[in-house]
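These notes are about the structure you will find just below.
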Amino acid sequence: MKPVSAWGRLSRDLHDVQVLTDRTHVAPVLAAHQPGLAFGNGRSYGDVCLNPNGNLWHTTGLNKLIAFDEATGRLVCEAGVLLRDIQRLFVPRGWMLPVTPGTQLITVGGAIANDVHGKNHHAVGSFGDHVLRLTLARTSGEVLQLDWTSAPDMMSATVGGMGLTGVVVTAELLLRRVSSPWLRTETLPYQGLSEFFELADASEHDWEHTVSWIDCLAGQTARGIFMRANHMTAQEAATMPSLKAALAAQQRKMQSKPLSMPFVPPISLVNGLSLKPFNMAYYQLQKMKRGFDVAHYEPFSYPLDNLQDWNRMYGPRGFYQYQSVVPREVGQPAVQAMLDAIAASGEGSFLAVLKTFGNREAKGMLSFPQPGVTLALDFPNRGERTLKLLDRLDVIVREAKGRLYMAKDARMSRDLFEAGYPRLSEFTAHRDAGISSAMSRRLMEF
Amino acid sequence: MQHIVIIGATSAMAEHCARLWVQAAPVHLTLVGRDEARTRRVADDLRVRSPQSDVHVMTSDFVDAAAIQHTVNTIVAQAPVDVVLIAHGVLSDQTTCQDDVLACDAALQVNGVSPVLFAEAFAKPMVAANHGTIAIIGSVAGDRGRKTNYVYGAAKGLVSRYAQGMQHRLAHTNVKVVLIKPGPTDTPMTSDLKAKGQKMASVEQVAQDIVKGIAAGKPVVYTPGIWQIIMLVVMHLPRFVFNKLNI
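So the sequence lines, in the order shown, correspond to chains V and C. Positions 9 to 454 (my numbering) are the ones given, in order, by the first sequence. Positions 639 to 885 (my numbering) are the ones given, in order, by the second sequence.
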């Protein structure tokens, strides 16, 4: 038995770990050690990847690439491959994953199970939109070959299905062409939510990546930084001679060991004293960067990947992430109500991210992205006080007919879950009876 | 293109070394494994990573001396070898080996005798060509016998002593012998230790150290480097202290 935590470090329960290493021998391991749950790189925050006192099937040993077609961009690989490894291998060859979240240190299987999204959701959808085929091992010992034509329901259940339909063993993904690793970025400070929505709408057609950071302590006059970016072609990059040296510097950085948070501080470094000055400093620093710039995709897309174990900053009690999406019609008042509730509570969030999703339905029955606006927050765990605030935010999300992101959740109620995910009963029929997680027991029958 | 041969190519350490090699430049790789299907899967992965590399797969018996000689002859006949990495091994269970002499024999054969036979068989053509590097994966477990794994440790100790002797013999040639001593590393071979929660080095880090050590022709590579200091202490602990330790 081994203690395992999710990224939020809220618990550290013992798990019976089985390491999967051979893609032809996954189903027998599941059959022999069930009930259990697949565990990738442990980057989900709450309890979606945990199965306390039960079996946990580690998938990072399934890290082989299987085939790549240079003509079409189809990549077949095992489910434990990290997105970072795909990006670093294929970007120099002119291909890239169409969708990655704010960290590339997650497995392909985890990206599918949580149907992750990125800053370009409005342009390309979520991860599941680019999955062509899956091999799924079940605890019955069966191995299913799935694609959208022959098994659309099972595909829809598995994409965003939190690993509850089986263990993804291999996946075929469609990469997209990029001719350079560079992004042309623009940084725009904004005041108030109306300005945010104006910027988001104005950027939707011409900018592939959009995201914003918002100072959730500023209350009514919410100030923030809006960032948008487009991929640069090799020709564009060639017109900027300074990029050659910049690329060499970036490559050296990618080879070297990232900085690390070497220990868990006795109290959270993110606290009432540090938040205000931090948010102010961050705002002012970003404001100075206003205007156009060029950025390598790694620091732009995955800023925190360069600080290993950053989750330790929140101290021994860990932290809660809270990411909601609410429909656009009620987006502005709902987000304002959440910001007000946070400001009134005195709890603050370090990394508050506000982004509009595109007007498209995700493919998964339990996928998180839906048309609207999403707000991601994190709060140091201060026990009851924090939970009470999150309950108040739940009321706002519920009223707005929104939902919470399961990859980040550790505490939502069944009621909110069922209200937010209307395709739940359809999903349940596709579950593997030998798979169960702390989250599934909290929110579903088993 | 460099011709690199990997014996035990399905081992996670060897596989990650191969990934680093193909990533740095296209190479001619000969992967030797016991299980053809598993070795092929490693080869497919490397071909996706480096379409320009030339990756071959061979199977061989690893304990039969005649088979080892035959395998080496076949490889050398195809193309002169620049680097051979001898990486196979099985982390044998100490208690099983104590209870069952046959298991003990098998563990000593595959972890000790087999690697040195491969090294010796490759040395002959390399010395004739006066070129090449023989890298053998030993273990920190070979530095001092301990109750929890002295069968594995003794086999790795044999590898250490053999490599030392070859280094002495080849000191004035262009053939280099590199002995690699990894500490506990997070690989499928150690998944039981991982399941028990033991802290281990990442296989990527260890592979980087191995590839660098081979390129530099270092006689002994401890990886991660801290193990050189740890083992220095362990080797010099007086017996009355050592015997009290449960290691």
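Positions of the beta carbon are idealized from the N, C-alpha and C atoms, including for glycine. Owing to the predicted nature of the structure, the values given are computational and were not obtained by experimental measurement.
Open item on the list: Going by DSSP in three states, C655 of chain C sits in which element: helix, strand or coil?
Closed with: helix
Task: CB contact check: V27 of chain V to chain C, cutoff 8 Å - done: True, the Cβ-Cβ gap to chain C drops below 8 Å.
Open item on the list: Can you pull out the residues from the stretch 687-712 of chain C whose beta carbon lies closer than 8 Å to at least one beta carbon of chain V?
Closed with: R687 and P689
Open item on the list: Cβ closer than 9 Å: which chain C residues qualify as neighbours of F387 of chain V?
Closed with: What F387 of chain V touches in chain C: nothing, since even the nearest Cβ is about 29 Å away.
TODO: Please report how far the alpha carbon of L401 of chain V lies from the alpha carbon of D155 of chain V, in whole angstroms.
DONE: 38 Å
Task: Simplified DSSP assignment, three categories, for S220 of chain V - done: strand
TODO: Would you please verify whether the beta carbon of R679 of chain C is less than 8 Å from any beta carbon of chain V?
DONE: yes
TODO: Please go through the stretch 839-875 of chain C and give each complete beta strand (DSSP E) segment of 3 or more residues, from N-terminal end onward.
DONE: 858-861
- [ ] Count the other C-beta atoms from every protein chain shown that fall within 10 angstroms of the C-beta of V403 of chain V, then say buried if there are 16 or more, exposed otherwise.
- [x] exposed
Task: Three CB pairs or more closer than 8 Å across the stretch 327-335 of chain V and the stretch 384-394 of chain V - done: Judged by Cβ distances under 8 Å, the stretch 327-335 of chain V makes contact with the stretch 384-394 of chain V, as three or more pairs qualify.
Task: Neighbourhood of I772 of chain C by C-beta, 6 Å cutoff - its chain only, sequence neighbours within 5 removed - done: V722, A757, F760 and V815
Task: Contact belief for A179 of chain V with R141 of chain V at Cβ below 8 Å, rounded distance in angstroms - done: With a contact defined as Cβ atoms closer than 8 Å, A179 of chain V and R141 of chain V qualify at about 7 Å.
TODO: Could you name the residues of chain V that D683 of chain C contacts, counting a contact when the two beta carbons are closer than 8 Å?
DONE: Here the neighbours are K72, L73 and I74.
Task: Interface partners of L97 of chain V on chain C, CB under 7 Å - done: By Cβ distance, chain C contributes R687.
Open item on the list: Between V:M170, V:V37, V:L73 and V:P324, which has its C-alpha nearest A145 of chain V's C-alpha?
Closed with: V:V37
Open item on the list: Considering Cα atoms alone, identify which of C:D699, C:G851 and C:V719 is closest to D673 of chain C.
Closed with: C:D699
Open item on the list: Tell me which residues share the same chain as P60 of chain V and place their Cβ nearer than 8 Å to its Cβ, disregarding the 5 neighbours each side in the sequence.
Closed with: For P60 of chain V, where only same-chain residues beyond five positions count, the Cβ hits under 8 Å are S19, D21, L22, H23 and A446.
Task: Within chain C, the residues that G69 of chain V reaches when beta carbons sit closer than 7 Å - done: P826
Open item on the list: Measuring alpha carbon to alpha carbon, tell me which residue in C:R784, C:W659, C:V754 and C:E653 is nearest I885 of chain C.
Closed with: If we check each option's Cα against that of I885 of chain C, C:R784 comes out closest.
Open item on the list: To the nearest angstrom, how far is the alpha carbon of I233 of chain V from that of G200 of chain V?
Closed with: 11 Å
TODO: Put K396 of chain V into one of helix, strand or coil per three-state DSSP.
DONE: helix
Open item on the list: Buried or exposed, going by whether 16 or more other CB atoms sit within 10 Å of the CB of H130 of chain V?
Closed with: buried
Open item on the list: For K371 of chain V and C85 of chain V, what's the separation of their Cα atoms in angstroms?
Closed with: 21 Å
Task: Short Cβ contact (8 Å threshold) for V116 of chain V with L64 of chain V - done: no
Task: Other residues of its chain near H666 of chain C: CB distance less than 6 Å, five sequence neighbours each side excluded - done: Excluding sequence neighbours, H666 of chain C sits near M639, H641 and D692.
Task: DSSP state of C57 of chain V mapped onto helix, strand, coil - done: Looking at C57 of chain V - three-state DSSP - the assignment turns out to be coil, as it is neither helix nor strand.
- [ ] Would you decide whether Q153 of chain V is buried or exposed? Buried here means 16 or more other CB atoms lie within 10 Å of its CB.
- [x] exposed
TODO: Quick one: which unbroken alpha helix (DSSP H) runs of 4-plus residues sit fully inside the stretch 648-706 of chain C? Chain order, please.
DONE: 650-662 and 674-687
TODO: Would you be able to state if there are at least three C-beta pairs under 8 Å between the stretch 194-212 of chain V and the stretch 248-262 of chain V?
DONE: no
Open item on the list: I'd like to confirm the pairing. Which residues does DSSP put opposite P377 of chain V in its beta bridges?
Closed with: In the DSSP output, where bridge partners are listed per residue, P377 of chain V has none listed.
TODO: Rounded to whole angstroms, what's the CA-CA distance from P285 of chain V to V841 of chain C? Just pull it up for me.
DONE: When only Cα atoms are considered, P285 of chain V and V841 of chain C end up about 41 Å apart.
Open item on the list: Between which residues of its own chain and T823 of chain C is the CB-CB distance below 7 Å, once the five residues before and five after are set aside?
Closed with: Cβ neighbours of T823 of chain C beyond the five flanking positions: M651, M838, A839, V841 and V844.
TODO: May I ask you to report which of helix, strand or coil DSSP gives F454 of chain V?
DONE: coil
Open item on the list: In the DSSP output, what is K819 of chain C paired with across the bridge?
Closed with: C:Y860
TODO: Could you pull out every residue in the same chain whose Cβ sits closer than 6 Å to the Cβ of G323 of chain V, ignoring the five residues on either side in sequence?
DONE: Residues of the same chain with a CB within less than 6 Å of the CB of G323 of chain V, apart from the 5 flanking positions on each side, are P273, I275 and S276 in chain order.
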